[in-house]
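Residue numbers for the sequence shown follow this note's numbering, so the first one is 7 and each next one is one higher.
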Amino acid sequence: MTYGLDSPKKPPTAFTPALRRASAVGLVLAACLTASPALATAAAPPSHGSASAGQSPGAGLGRYYGQHLDWGSCATGPDDATGRDLDKAGVTCTNVTVPLDYADPRGRTITVAVSRLEATDTRHRIGSLLLNNGGPGGTAFESPPEAFKAMKEVGPRYDVIGFDPRFVGRSTPLDCGWSVGSSWFSAGTGRAGFDRQVALQKDLAAKCRAAGASVLPHISTRNTARDMDVIRGALGERKISYLGYSYGTYLGTVYTQMFPGRYDRMVLDGAIAPDDYRARLLKGSEPENERALSDWAAWAATRHDTYRLGRTRAEVLATVDRVITASARKPLTVGTGSETFRLDDTQVPFLLFMGVADDTDTARALLGEQVSVLAKAAAGQPSRLSPEFAAMLRFALRGETPSGAQAAIICGDVAAPRDPELYWRDIQRNRAAHPVFGPLADNIGPCAFWDRPREEPTRIDRDARVLIVAATGDPRTTYKSSGRLHDQLPGSRLVTLEGANRHAVYGLYDNACVDAEVNTYLATGELPARDRTCVKPAG
7 MTYGLDSPKK PPTAFTPALR RASAVGLVLA ACLTASPALA TAAAPPSHGS
57 ASAGQSPGAG LGRYYGQHLD WGSCATGPDD ATGRDLDKAG VTCTNVTVPL
107 DYADPRGRTI TVAVSRLEAT DTRHRIGSLL LNNGGPGGTA FESPPEAFKA
157 MKEVGPRYDV IGFDPRFVGR STPLDCGWSV GSSWFSAGTG RAGFDRQVAL
207 QKDLAAKCRA AGASVLPHIS TRNTARDMDV IRGALGERKI SYLGYSYGTY
257 LGTVYTQMFP GRYDRMVLDG AIAPDDYRAR LLKGSEPENE RALSDWAAWA
307 ATRHDTYRLG RTRAEVLATV DRVITASARK PLTVGTGSET FRLDDTQVPF
357 LLFMGVADDT DTARALLGEQ VSVLAKAAAG QPSRLSPEFA AMLRFALRGE
407 TPSGAQAAII CGDVAAPRDP ELYWRDIQRN RAAHPVFGPL ADNIGPCAFW
457 DRPREEPTRI DRDARVLIVA ATGDPRTTYK SSGRLHDQLP GSRLVTLEGA
507 NRHAVYGLYD NACVDAEVNT YLATGELPAR DRTCVKPAG
């Protein structure tokens, strides 16, 4: 569920926070946590490859755990700017081979792309810290340098490890060939918009089935956790530490349940409780998103001379409503030339959603510019797009990057209701209370047309000593959900950031209190004696 929008090279996602201060909005690979029935709390059966510390890998998996890794340049060629930047930062890269199907380890294999920034304080080295930025389907391959900076004095004591989960980024790919970059859209203002969504989501599922029928059954969070444990073994680590944001907190929780003796220090930032992880990942976050939009409107009202959206909170919200209403009558045309886009009432709320995951002035200004463009279009006036807005629209509306991994992960994890009328009833029931984000959170998605998952969702049946970080106004993975995870893991500690509408905090929000709590834990391995509360500075 991180974010502001990621850079054009990296598709924005639902939940992912990409470790970039420049990222101003929120997750966008889908634009949702980027988070169906609850995941409950009964014990899951033993899984292939799941072993406690001191145990050997499962039958047939030894060659994966013991494989030799050839570390080298991260650049795949002269045009690989990301790889060259990683090389300059001292990062080395490799591919880890894993089985497509852990039940058939002698069968087909795939690769997982891994990057490493090695510890420089080798005398006081702690171990390896594995990163996941969320999504689902987000990449952390390029994140070690940013994470290293966030870790301050403790950074040199870790090998900081990035990786792209199976079928994401530089790992063995999946491309469903979608004409859009994301499956997250609103149901719109009426039945016509919802019916278009049913047809679209059914088509997206069919395209994924056609493109990846042989691999879809093996794309899941549980298999990503198994891949993580292979990475741990291939690195030669008895235990591994972990920093996960947004969806990455769910992945981390799953790892603690499947491999309880294999992790050391674990930080879960923007956490989601397993029973909140569902095909409609945004369901339950509507109040937080509506509140974040209202807070942004109050901010924009004090800058009317810049954005011309209204002089009061109510006037700005009325402008937003007019934009959505106008887009329902006729799609809004924004941009010029090859950068011309048309947005209807199923797409505009998605853009608003991407804009409210961060309450910094930089992120709010970006949303102000975007809503100003949409308001001009609603009034029939021409407008030019900023490079950031154009990149967002290219991703969301044109499918210019490989698509489908996020949906494949979610739909491979949890089953969704099949009947479109169930979704429509939910939309209508909640529309009045949550007019902007209710039809987005309640909308049908591709999982309604997906084959059922091969495994049951992971259930919490054992405690885990982890550090949870959460902002009280998080509009993606809500503070309530982080609190539920804390309750389900009595050995955990919760660091709360009061007063921030922000998804993903540590190292991304410049809050010295939160950063210090996390870095102290990473340095000492000792959780705080009690839960801690940090405060967003005034101003």
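From the three backbone atoms N, C-alpha and C, an ideal C-beta is built for every residue, glycine too.
For the beta strand (DSSP E) containing residue i, list its first residue and its last residue.
i      : result
Val118 : Thr115 to Leu123
Met272 : Tyr269 to Asp275
Asn138 : Gly133 to Asn138
Gly444 : Where Gly444 is concerned, there is no enclosing beta strand (DSSP E), although the alpha helix (DSSP H) it sits in stretches over Gly444 to Ala447.
Pro105 : Thr98 to Pro105
Thr502 : Arg499 to Glu504
Ala477 : Leu473 to Ala477
Gly168 : Tyr164 to Phe169
What would DSSP say about residue i, mapped onto helix, strand or coil?
i      : result
Leu338 : strand
Ala535 : coil
Ala544 : coil
Thr47  : Caution applies to Thr47, whose pLDDT of 29 falls short of 50 and renders its modelled position unreliable; the value that the coordinates give is listed next. Thr47 falls in the coil class under three-state DSSP.
Asn436 : helix
Gly144 : coil
Ile225 : coil
Pro63  : coil
Ile415 : helix
Ala37  : Low local confidence applies: a pLDDT of 42 at Ala37 is under 50, so the model's placement there is unreliable, and no value is given.
Ser58  : Residue placement at Ser58 cannot be trusted, given a pLDDT of 40 that sits under 50; what the coordinates show is reported in the next sentence. Ser58: coil per DSSP, three-state reduction.
Gly405 : coil
Ser344 : helix
Asp93  : helix
Tyr251 : strand
Val174 : coil
Pro393 : helix
Leu349 : strand
Beta carbon of residue i, beta carbon of residue j: below 8 angstroms?
i      : j      : result
Asp275 : Tyr251 : yes
Gly194 : Val174 : no
Asp181 : Gly410 : yes
Arg547 : Pro543 : The chain is shown from 7 up to 545; residue 547 falls before or after that span and cannot be answered.
Val377 : Val420 : no
Phe191 : Asn517 : no
Ser149 : Ala279 : no
Leu403 : Val236 : no
Val475 : Val273 : yes
Gly531 : Asp165 : no
Gly141 : Tyr313 : no
Ser226 : Ile466 : no
Leu299 : Ala447 : no
Arg482 : Ala369 : no
Ala479 : Ala506 : Per the sequence presented here, residue 479 reads as Gly, with Ala not at that position. Yes; because the gap between Cβ atoms is below 8 angstroms, this pair is in contact.
Gly418 : Ala156 : no
My understanding is that residue i touches residue j, with C-beta atoms under 8 angstroms, so please give their C-beta distance in whole angstroms.
i      : j      : result
Leu473 : Val501 : 7 angstroms
Val329 : Ala397 : Val329 to Ala397, Cβ: 21 angstroms. No contact.
Glu394 : Leu372 : 6 angstroms
Thr98  : Thr117 : No, Thr98 and Thr117 are not in contact; Cβ-Cβ is about 16 angstroms, not under 8 angstroms.
Phe359 : Asn295 : 6 angstroms
Ser177 : Ala119 : 5 angstroms
How is the alpha helix (DSSP H) around residue i delimited, first residue to last?
i      : result
Cys519 : Ala518 to Thr530
Phe356 : Val354 to Gly361
Asp201 : Arg197 to Gly218
Leu373 : Asp367 to Ala384
Gly68  : Gly68 to Tyr71
Phe154 : Pro150 to Ala156
Glu296 : Glu292 to Ala307
What residues in its chain sit with their C-beta under 6 angstroms from that of residue i, if we drop five residues either side in the sequence?
i      : result
Val160 : Asn525, Leu528 and Ala529
Pro452 : Ser189, Gln207, Leu210, Ala211 and Ala413
Ala470 : Thr262 and Leu495
Ile167 : Arg122, Ser134 and Leu136
Ser79  : Asp93
Arg400 : Glu406
Arg348 : Pro337 and Thr339
Ala332 : Ala384
Glu461 : Arg228
Short of 8 angstroms in beta carbon distance, which residues of its chain neighbour residue i, apart from the five on each side in sequence? Order them along the chain.
i      : result
Ala307 : Leu315, Gly316, Arg317, Thr318, Arg319, Glu321 and Val322
Lys245 : Ala59, Gly133, Arg238, Gly267, Arg268, Tyr269 and Asp270
Thr115 : Thr103, Val104, Pro105 and Leu106
Once you ignore the five residues that flank residue i on each side, which residues in its own chain have a CB closer than 7 angstroms to its CB?
i      : result
Pro162 : Ala125, Thr126 and Asp127
Arg536 : none
Arg468 : Gln263 and Pro266
Ala366 : The sequence shown places Thr at residue 366, not Ala. Same-chain partners within the cutoff: there are none.
Thr484 : Gly290, Ser291 and Glu294
Thr539 : Thr502 and Glu504
Answer yes or no: does any C-beta atom of chain D fall closer than 8 angstroms to that of residue i?
i      : result
His440 : Looking for chain D here will not work: only one protein chain is present.
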